[in-house]
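Working notes for the structure below.
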Amino acid sequence: MTPLILEWVDTMNDNIDKIIAKSNGKLSALVDVKQITGAYVMESIIQVAFGRKVSALIEPNNPIIENARKLFNTSLLTMVKFLIILMTPNVAKVLRVSTFNREVMDFFRDFTLILIGDRKHVLETGSPVKRVDFLQFLLDSIKNNNNKAIDGSEKYTDTQSAEKYQEIQATDDMTDKSHTNDELMSQCVLFLMAGYESTANTLSMCLYNIAKHPDKSGDDSYEAFYALKYMDAVIDETLRLFPAAIFIERIPSENYELKGTGITIKKDHSVHIPIYAMHRDPANFVDPDP
Numbered sequence: 015m016t017p018l019i020l021e022w023v024d025t026m027n028d029n030i031d032k033i034i035a036k037s038n039g040k041l042s043a044l045v046d047v048k049q050i051t052g053a054y055v056m057e058s059i060i061q062v063a064f065g066r067k068v069s070a071l072i073e074p075n076n077p078i079i080e081n082a083r084k085l086f087n088t089s090l091l092t093m094v095k096f097l098i099i100l101m102t103p104n105v106a107k108v109l110r111v112s113t114f115n116r117e118v119m120d121f122f123r124d125f126t127l128i129l130i131g132d133r134k135h136v137l138e139t140g141s142p143v144k145r146v147d148f149l150q151f152l153l154d155s156i157k158n159n160n161n162k163a164i165d166g167s168e169k170y171t172d173t174q175s176a177e178k179y180q181e182i183q184a185t186d187d188m189t190d191k192s193h194t195n196d197e198l199m200s201q202c203v204l205f206l207m208a209g210y211e212s213t214a215n216t217l218s219m220c221l222y223n224i225a226k227h228p229d230k231s232g233d234d235s236y237e238a239f240y241a242l243k244y245m246d247a248v249i250d251e252t253l254r255l256f257p258a259a260i261f262i263e264r265i266p267s268e269n270y271e272l273k274g275t276g277i278t279i280k281k282d283h284s285v286h287i288p289i290y291a292m293h294r295d296p297a298n299f300v301d302p303d304p
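Residue numbers (this note's numbering): 15 to 304.
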């Protein structure tokens, strides 16, 4: 799927160039980088997950873009629902409290059904070419649908990039690999929700940090990007300073003993992990604040 993502990298670069061109190469005002990185991430995820090409900046009223953004809209009612789910999950389950917008979920369900219908139509036509995206991988995982490639060979080819991909083969211990359409839709929407905000924010802060230290930049080609060990350090340091989540919580399904500590975490007890505080703790990092 790398070629799909790289296509949107070029689009993001073009958007940045347009902003610079408008100011004749001299930025005299602040630039909302999140708007640019957010568009890039949303465009990439929608194409990788659903196989649909959209432009978040050029087509802001596209139904896919509009409903994708509604997934991340926060209101007072949404926050109240979130607190109910967080503080009293059993009550939320009984009352069927959900933070998801029903209209948005219905849109993505119908949208996914249309895509599945399109993919099945392609199969019926006997086309030897198959899309390589997240939805197609899910369809391939369905029982009796992934025993061979679409053309009978061991591999199939992506439409645009001509990349070869090996089919995931079922094993004897996989007794049931079927999925409902709602499960397929949920996985694609979860892919979007989990990847959008965290990735867009991290990219924004990476660009901010790089802009503050222009002397550290060099060859910006794709190959050089992956060859630069320093770039890995930049991303790691950005995530340390500005983590995607300031804390996480986990609830064990059974009693669990932390070996060597004498501490036992009891079943159903909430474990709070303060990521932000740990990343800024001098005991963990020398000079933790920049």
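Don't be surprised by glycine CBs; every beta carbon is placed ideally from N, CA and C.
Note that the coordinates shown come from a computational prediction; the quantities given were computed from them, not determined experimentally.
- Taking the CA atoms as reference points, ARG254 sits about 11 Å from CYS220.
- A direct Cα-to-Cα measurement between PRO302 and ASN223 gives close to 15 Å.
- The Cβ atoms of VAL203 and PHE122 sit closer than 8 Å to each other.
- For VAL45, the closest alpha carbon among the candidates SER218, ILE249 and ASP154 is that of SER218.
- When secondary structure is reduced to three states using DSSP, LEU272 falls in the strand class.
- For THR113, the three-state secondary structure derived from DSSP is coil.
- For the pair PHE86 and GLU211, the CB atoms are nearer than the 8 Å cut-off.
- Listed in chain order, the non-local C-beta contacts of ALA214 below 6 Å within the same chain comprise THR51, GLY52 and VAL55, local neighbours out to five positions each way being set aside.
- PRO266 has its alpha-carbon roughly 37 Å from the corresponding atom of LYS243.
- In this structure the segment 281-295 touches the segment 245-260; the number of beta carbon pairs closer than 8 Å is three or more.
- Within the segment 31-118, the runs of alpha helix (DSSP H) at least 4 residues long that lie entirely inside it are, in chain order, 47-64, 77-84, 90-101 and 103-109.
- With respect to GLU57, ALA70 sits close: the two C-beta atoms are nearer than 8 Å.
- By the neighbour-count criterion, in which 16 or more other beta carbons inside 10 Å mark a residue as buried, ILE59 falls on the buried side.
- DSSP places ILE260 in the coil class of the three-state scheme, outside both helix and strand.
- According to the DSSP secondary-structure assignment, VAL285 is paired through a beta bridge with ARG264.
- Counting only the Cα atoms, LEU109 lies some 43 Å from ASN298.
- Assignment of THR278 by DSSP, reduced to helix, strand and coil, places it in the strand class.
- Taking a contact as a CB-CB distance under 8 Å, the pair ILE19 and VAL62 counts as one, their CB atoms being some 7 Å apart.
- Between the C-alpha atoms of PHE114 and ASP147 there is a straight-line separation of about 25 Å.
- Judged by DSSP in its simplified three-state form, PRO304 adopts coil rather than helix or strand.
- Taken through DSSP and simplified to helix, strand or coil, LEU242 comes out as coil.
- Excluding residues up to 5 positions away in sequence, ALA214, ASN215 and SER218 lie with their Cβ nearer than 8 Å to the Cβ of LYS48 in the same chain.
- Ranked by how close their Cα comes to the Cα of LEU91, the residues SER112, ILE72 and ARG83 have SER112 in first place.
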